[in-house]
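Numbering (the working numbering) for the sequence shown: 3 to 320. Report on the structure given below.
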Amino acid sequence: MFAAERRQLILEMVRANGAVSLRELARVVQTSEVTVRRDVRALEAEGLLDRRHGGAVLPGGFTRESGFPQKSHLATAEKTAIADLAANFVEEGEAIVVGAGTTTQELARRLARVPGLTVVTNSLLVAQALAHANRVEVVMTGGTLRGSNYALVGSGAEQSLQGLRVSRAFLSGSGLTAERGLSTSNMLSASVDRALVQAAAEVVVLADHTKLGSDTMFQTVPTDVITRLVTDEPPAHDDRAATELQALADQGVQIAVAGGSGSDSVPPRQPRRDVSLPGPRRVPAGSAGAGLRATSVLSEPAAGAEQRAARVADMRRR
Numbered sequence: 003m004f005a006a007e008r009r010q011l012i013l014e015m016v017r018a019n020g021a022v023s024l025r026e027l028a029r030v031v032q033t034s035e036v037t038v039r040r041d042v043r044a045l046e047a048e049g050l051l052d053r054r055h056g057g058a059v060l061p062g063g064f065t066r067e068s069g070f071p072q073k074s075h076l077a078t079a080e081k082t083a084i085a086d087l088a089a090n091f092v093e094e095g096e097a098i099v100v101g102a103g104t105t106t107q108e109l110a111r112r113l114a115r116v117p118g119l120t121v122v123t124n125s126l127l128v129a130q131a132l133a134h135a136n137r138v139e140v141v142m143t144g145g146t147l148r149g150s151n152y153a154l155v156g157s158g159a160e161q162s163l164q165g166l167r168v169s170r171a172f173l174s175g176s177g178l179t180a181e182r183g184l185s186t187s188n189m190l191s192a193s194v195d196r197a198l199v200q201a202a203a204e205v206v207v208l209a210d211h212t213k214l215g216s217d218t219m220f221q222t223v224p225t226d227v228i229t230r231l232v233t234d235e236p237p238a239h240d241d242r243a244a245t246e247l248q249a250l251a252d253q254g255v256q257i258a259v260a261g262g263s264g265s266d267s268v269p270p271r272q273p274r275r276d277v278s279l280p281g282p283r284r285v286p287a288g289s290a291g292a293g294l295r296a297t298s299v300l301s302e303p304a305a306g307a308e309q310r311a312a313r314v315a316d317m318r319r320r
């Protein structure tokens, strides 16, 4: 495929989806990420798109929200690995809330095997994934259906969550930064997500590496309220995503990285401080999933690709 044809296809994908990872672009155009990165730089120089932390987005700063058909085909392998790991943090007999999103839908498919579970959700897709689970009770919020992501939103959804208290909330979003926390592109979705957070003692965010460092219009979960982030391992060249992970860890967020031979955690550089919060609480040391192996993929945010690759290889040998 000639360069002009590749770049046209890349441009069409970004226009259709709003944001696409370099890994996905390389898969579709059947070339290397190095070549795709060069094409993205050329398109950015022409003002046709913007580069964003391991991917490309529409020009103009904040990314717009893609619909479900587009999202369902993005970073599918990463979402599967994240869902596999996140399911380990759910115990038998728990009551949890699960927000809307394609990654949380993947998680729901795995929760169907957890006996005695109660799942509160505003997502039709999450409910559908659990519809035939014999020992899982599904409680849906009220609200108005938002067709682009099959979620119930609005005052009806928010009011149905008042007075609810569960152990954990599992949420996704459009972007995640250490400075601002989790965010989304839609005001109604953000408002319901905030209500879900208020109902939970702990907040677990599911976000693949393409969302790290991306910021969208409406904040849903401030960083100091996030208990744990479950993500995938950023590509070796993606120093920005690696730096964002370390910044989140430095603020007390527990990082669980899915991929390879298991899961690893990124420890904070300084002892975390206990923060008194009106909403969700931090996960205690003895709770589910606290036994993750405390090996850091990143010891310094500015670590080069070769050093990071060597650390990962050494970690997996052990």
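We treat Cβ as the ideally placed atom computed from N, Cα and C, and that holds for glycine. None of the values given here were measured: they were computed from a predicted structure.
A direct Cα-Cα distance of roughly 11 Å separates D86 from A79. Residue state for I98 is assigned as strand, using DSSP reduced to three classes. If the five residues before and after A243 are omitted, its C-beta is found closer than 7 Å to the C-beta atoms of H55, G56, H211, L214, G215, P236, all from its own chain and listed in chain order.
Its Cα nearest to that of L113, the residue E96 stands out among E96, G165, N124, E204. Taking all protein chains in view, the Cβ of T245 is crowded by 16 or more other Cβ atoms within 10 Å, so the residue is classified as buried. R148 counts as buried, since no fewer than 16 other beta carbons sit within 10 angstroms of its beta carbon. Under the three-state reduction of DSSP output, L50 falls in the coil class, being neither helix nor strand. The beta carbons of V206 and A171 sit closer together than 8 Å.
Annotation for L147: the continuous beta strand (DSSP E) segment containing it runs 146-148. The residue among P224, L51, T37, R25 with its C-alpha nearest the C-alpha of F4 is T37.
Rounded to the nearest whole angstrom, the CA to CA distance from V30 to Q164 is 45 Å. The stretch 225-232 and the stretch 182-197 touch, with no fewer than 3 CB-CB distances between them shorter than 8 Å.
With a threshold of 16 other beta carbon atoms within 10 Å, Q248 meets it and is buried.
When the beta-carbon positions are compared, T123 and V99 come within less than 8 Å of each other.
Here the C-alpha atom of S157 lies approximately 24 Å from the C-alpha atom of E139.
With a threshold of 16 other beta carbon atoms within 10 Å, A58 meets it and is buried. By DSSP's assignment, L173 forms a beta bridge with V207. As the crow flies, the alpha-carbon of E46 is around 12 Å from that of V16. The beta carbon of P117 lies closer than 7 Å to those of E94, R137 in the same chain, with the five residues before and after it left out. S191: member of the alpha helix (DSSP H) spanning 189-200, first to last residue.
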